[in-house]
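Oh and the sequence shown: position 522 is 522 in the working numbering, straight run, nothing missing.
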Amino acid sequence: MRRLGDLSIHNRLLLVALLPAALLATLITGLVLYRSMATLDEALRERGQAIVSFLAPAAEYGVISANRANLSELLRAALAQREVSAVAIYNREGTLLASTGRFNVLEPTALQEIDRPSISRGPVNVFVATAPVVSRGVDFDDVFRSSISDDEPPPVRTIGWVYVELDKGPSQREKRLVIFATLGLALVGLGLTGIVGLRLARSISRPIAALVEGVDRMAAGALDVELAETASTAELGALERGFNTMARSISESHRTMQSRIDAATALLAHQAQHDPLTGLPNRRAFEERLEESVAASKRAGDHGALCFIDLDRFKIVNDTCGHAAGDELLCRIARLIRQRVRDQDVVCRVGGDEFALILRGCSRTDALRIAEHLREGVAAFRFSWEDRLFSIGASIGVTYIDGTHATVADLLMAADSACYEAKKNGRNQVVEFTPQADRRPAAPGSVPGVDEGFEERIELHAQSIVQLDSGSDEAGWLEVLLRVRDTAGDLRQPAEYLAHFENGDAPVDLDIGVVELACGALAQLDSSGLGLPAGVSLNVGRASILQASVFLAHLRASLQGNGIPPERIVCELPVHFVDQFPDECRNFALGARELGCRLMLQQLDGGGVRHLRSLQPDYVKISLDALIAAYGLEAGCNLAQALAGMAAALDVTPIASEVEDPVLLETLQAFGFVYAQGHAIASPGPIGDWKPPDRAPSPIPRRTVS
1 MRRLGDLSIH NRLLLVALLP AALLATLITG LVLYRSMATL DEALRERGQA
51 IVSFLAPAAE YGVISANRAN LSELLRAALA QREVSAVAIY NREGTLLAST
101 GRFNVLEPTA LQEIDRPSIS RGPVNVFVAT APVVSRGVDF DDVFRSSISD
151 DEPPPVRTIG WVYVELDKGP SQREKRLVIF ATLGLALVGL GLTGIVGLRL
201 ARSISRPIAA LVEGVDRMAA GALDVELAET ASTAELGALE RGFNTMARSI
251 SESHRTMQSR IDAATALLAH QAQHDPLTGL PNRRAFEERL EESVAASKRA
301 GDHGALCFID LDRFKIVNDT CGHAAGDELL CRIARLIRQR VRDQDVVCRV
351 GGDEFALILR GCSRTDALRI AEHLREGVAA FRFSWEDRLF SIGASIGVTY
401 IDGTHATVAD LLMAADSACY EAKKNGRNQV VEFTPQADRR PAAPGSVPGV
451 DEGFEERIEL HAQSIVQLDS GSDEAGWLEV LLRVRDTAGD LRQPAEYLAH
501 FENGDAPVDL DIGVVELACG ALAQLDSSGL GLPAGVSLNV GRASILQASV
551 FLAHLRASLQ GNGIPPERIV CELPVHFVDQ FPDECRNFAL GARELGCRLM
601 LQQLDGGGVR HLRSLQPDYV KISLDALIAA YGLEAGCNLA QALAGMAAAL
651 DVTPIASEVE DPVLLETLQA FGFVYAQGHA IASPGPIGDW KPPDRAPSPI
701 PRRTVS
C-alpha cells in the first residue's frame, strides 16, 4: 500500500485506466482461447465422427464380400482427408481386412464392445474414431421363417468395424494460430487502450502537475505565476482559470501590500529623521549631519558654520492664541528659513522653538552675512492669527566648523553659548562665538539675579521728550526707563529680565513695581521744588495689558497716594502688542482714559497705521532710526514723513523717537513731527537727576476722544 501511495497522479490514472482493461483483456483472451480450443477439439471429434459415420456404411459391401480392392479404395479416399493418419477395417471376427498408415491394432475383444460411432483419445496427438459396420440386407437362411412378419424391419447385424486415427497436428497448428491471433489482438487492444489511457492521464495529470508547480513557485516567493490554460476538460479549465485569477489577486495584493510596506517603511525612516510638524530634519538627523561636517572639516578641510536659532517672543503667541497658532508659526518660520539659505545648507528643528543651521562650504564672513540676512527676515515677518498680529525675532548664535573643536559636543556647546549671549544682550541679534562668551545660566530658562534681591536692584532712569517748536513755553516731559544692576553692580539693560517676566513668571508685578517707584520719584521731584514734569511716559508690558484692571487699580492708588494728577501720565503701548492683543489693548485704553491718563503708541511702522483710528491714541512714536535701518536713509525719511503726516491728519501728535543723528534735528519739524526724543537730544539718566526747564510746567494739551 505504501508503494501505491508513492505513485504519482499520472501513474495512478494510468493504473486506473489500464488495470481494468488488462484484467478484462486477460479474461476475454482466456475465454476466447478456451472456447477456441474447445471448438477446435469438438470440430475434430465431429469430423472424425462424420468420417467413420460415412466410412462404415460405405465399407458394408466390402466387408460382406471381403473385396479388398473395394476396401482399399475406401481407405485411400479416407486417408485423403487432412486429419486422417491411419484407417483400418475389421470383419465380424475382428480380423483386419484392410488398413493404411501406421496405427495401433485393436484386440477383437475391444472391437466387440463398440456398438456405435465413438471418439476417444488415442496415443499422443491422436484422436481415435471407431464405428461398427452394420448390415441391413436379407438373410437367406431366414427367408423362410414363418415367425417373421412382413411388417417387421430387417434385422441389423454388426459385420465389422471401421477404425480411423485422426492426427491432432493440423488442429494444434490452428490452435497456435488462434492463440497467437488472440494474444496479438489482445496486445493490440491493450496497446491502444494504453495510448488512449496515457493521453487521458496526461490530459489530467499535466494540468494538475502545472498547478502543483505553480503552487510550489508561489510558496517559493514567485509572484508572476500564470498557468497556460490548456486543459481539455471544463473542470480542469475552470481550475486553471481560478488558479490564475487567485494568483493574479495574490500578486496584486502582495504588490499593493509591499508598496504600502515600502511607503510605511519610508515614512517611518523619514519620521525617524524628520520633525513631524515642520518636515525639517530633527535633532537626531542634525547630530548625524553635524558629525559628518565635523569629520569633513578635519579630513578634507571642508569648513562651514553652525548656527543656533532661538525664536524671540514665541511663547507669547503660544500662550495667547494656543498651540495651534504656535505650530502654524513654527511651520511658517521653517519655510522662511529654508527659503533664505542655500540648497546645500541643512536646516533642522532641534527643540520647541529652536532651529539649527549647518552652513556647508561657507566662510566666516558668508556665515555671518547669511545669519544676519536670516535674522532680518524673521524680524520683518508678521504672523497673523484670528485678527491678531505678532512680530517675533531670532537670536542667532554662530560658530565656525574648522576643526578647532575637538568633538561635536564642544561645537554644540559653543553655538548654544553664542545663542544665549544673543538673547541675554537684548535678543533679535547675531552673536559669533568667542571663548569669552562661553557662559551659560545656572539653570535652563533662569535669569541670573532675578530671585536674588531683584527688586532692590531696580533703578529708574528718565529721558526727556522735547517740543521741536523753540518758541513754545511748554514745560518738558520725560519717559521713565527701567534699568537693573546685576549682582556684580554693573548697570544692565532690562531686556533679558523683561523677557523673563514676559514668560509669565511674575505676570504684572514688575510694571506695578515700576509704577510705584516712578510715582515716588515724581513726588520727590515735586516736593523738592522742581515741580512735576508736564508729562510722564510709562511703558506698559504684556502682563499689564492682559491684566488691565489689576494694573490700572494699582496705578490709580499710586497716583492718589502721591498726589499726582492722572492727566500727567502717558501709557505707552508697543504697536506689536496692539497687533497681538487688539481687544485687550482696546480695553486697556478705555480703562486708562477713564482713569484720566493719556495714551501713546510706540514703534509705529506702515503695518500699524490702522490702529491710529481704532485705538485713537493721543501720541504716536515713530522711530526714525529703525525706519532708516530697515529701508535706507532716503526711503526711511520719506516713510517717517508720511507716517507723521498721516498721524497729524488723524489728530494724533507725532513724536520722533530714537533720534541719534543731530543732522536729522533740522528736518524733523519739516517732516511734521511735534516732539522728539533720542541721544541726539538728551541722554537717559537717573530719574532723580532730571531737571525741568526754568519755567512753570504746563499740562500737555489733551485731545478729545469721541
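Think of the CB as a built atom: it goes at the ideal place given N, C-alpha and C, for glycine as much as any other residue.
- Per DSSP, glutamate 174 is one residue of the alpha helix (DSSP H) stretching across 169-219.
- Leaving aside the five residues that flank alanine 325 on each side, the residues in its chain whose CB is nearer than 6 angstroms to its CB run, in chain order, Val317 and Trp385.
- Here phenylalanine 180 is exposed: its Cβ has fewer than 16 other Cβ atoms, across all protein chains shown, within 10 Å.
- Residue pairing by DSSP puts asparagine 539 in a beta bridge opposite Glu572.
- Rounded to whole angstroms, the separation of the alpha carbons of methionine 257 and glycine 197 is 45 angstroms.
- If you draw a straight line from the Cα of glutamate 213 to the Cα of serine 253, it comes to about 21 angstroms.
- From the listed residues Ser85, Met37 and Arg586, the smallest Cα separation to glutamate 165 is found for Ser85.
- Between the beta-carbon of histidine 274 and that of asparagine 282 there is about 6 angstroms, and that keeps the pair under the 8 angstroms contact cut.
- Bridge pairing for glycine 685: Ala462 [DSSP].
- In this structure, Leu44 is the residue among Asp366, Leu44 and Ile119 with its C-alpha nearest to the C-alpha of arginine 173.
- The stretch 38-52 makes contact with the stretch 117-134, as at least three CB pairs between them are under 8 angstroms.
- Excluding its 5 nearest sequence neighbours in each direction, phenylalanine 381 has C-beta neighbours in its own chain below 8 angstroms: Arg332, Ile333, Leu336, Ser391 and Ile392, listed in chain order.
- Taking a 10 Å sphere around the C-beta of alanine 247, we find 16 or more other C-beta atoms and assign the residue as buried.
- The C-beta of valine 188 has fewer than 16 other C-beta atoms within 10 Å across all chains shown, which makes the residue exposed.
- Contact annotation: valine 536 and arginine 485 have beta-carbon atoms that are not nearer than 9 angstroms.
- Residues Glu60, Val63, Ile64, Asn91, Arg92, Val133, Val134 and Ser135 of the same chain have their beta carbon placed closer than 8 angstroms to that of isoleucine 159, with the five preceding and five following residues left out of the count.
- Counting C-beta atoms within 10 angstroms of its own C-beta, glutamine 344 has fewer than 16 neighbours from the protein chains shown and is therefore classed as exposed.
- A Cβ-Cβ distance of about 11 angstroms is found for the pair isoleucine 401 and cysteine 307, leaving them out of contact under the 8 angstroms criterion.
- Counting along the chain, the unbroken beta strand (DSSP E) around valine 480 starts and ends at 477-485.
- Of the residues Ser249, Gln463 and Arg202, the one whose Cα lies closest to the Cα of tryptophan 477 is Gln463.
- Leucine 599 sits away from glutamine 580, with the two beta carbons spaced by 9 angstroms or more.
- With a cut-off of 8 angstroms on Cβ pairs, the stretch 555-562 is in contact with the stretch 515-526, counting three or more such pairs.
- Valine 398 places its beta carbon less than 9 angstroms from that of alanine 305.
- Linking threonine 278 to phenylalanine 314 through their CA atoms gives a straight-line distance of about 16 angstroms.
- According to DSSP, residue pairing for histidine 274 in a beta bridge involves Pro281.
- For tyrosine 400, the pairing in a beta bridge is given by DSSP as Ala305.
- Cα atoms of tyrosine 631 and leucine 604: separation of roughly 14 angstroms, rounded to the nearest angstrom.
- DSSP lists no bridge partner for aspartate 353.
- When rounded, the separation of the alpha-carbon atoms in leucine 639 and glycine 606 is 8 angstroms.
- Judged by DSSP in its simplified three-state form, glutamate 658 adopts coil rather than helix or strand.
- Take leucine 200, set aside five residues on each side of it, and the residues of its chain with a beta-carbon closer than 8 angstroms to its own are Leu13 and Ala17, in chain order.
- For lysine 621, the enclosing beta strand (DSSP E) stretches over residues 619-623.
- For leucine 166, the three-state secondary structure derived from DSSP is strand.
- Distance check between glutamate 83 and each of Leu71, Val126 and Pro566 places Val126 closest, using alpha-carbon atoms only.
- Collapsing the DSSP output to three states places glutamate 432 in a strand.
- C-alpha of valine 124 to C-alpha of serine 171: approximately 13 angstroms in a straight line.
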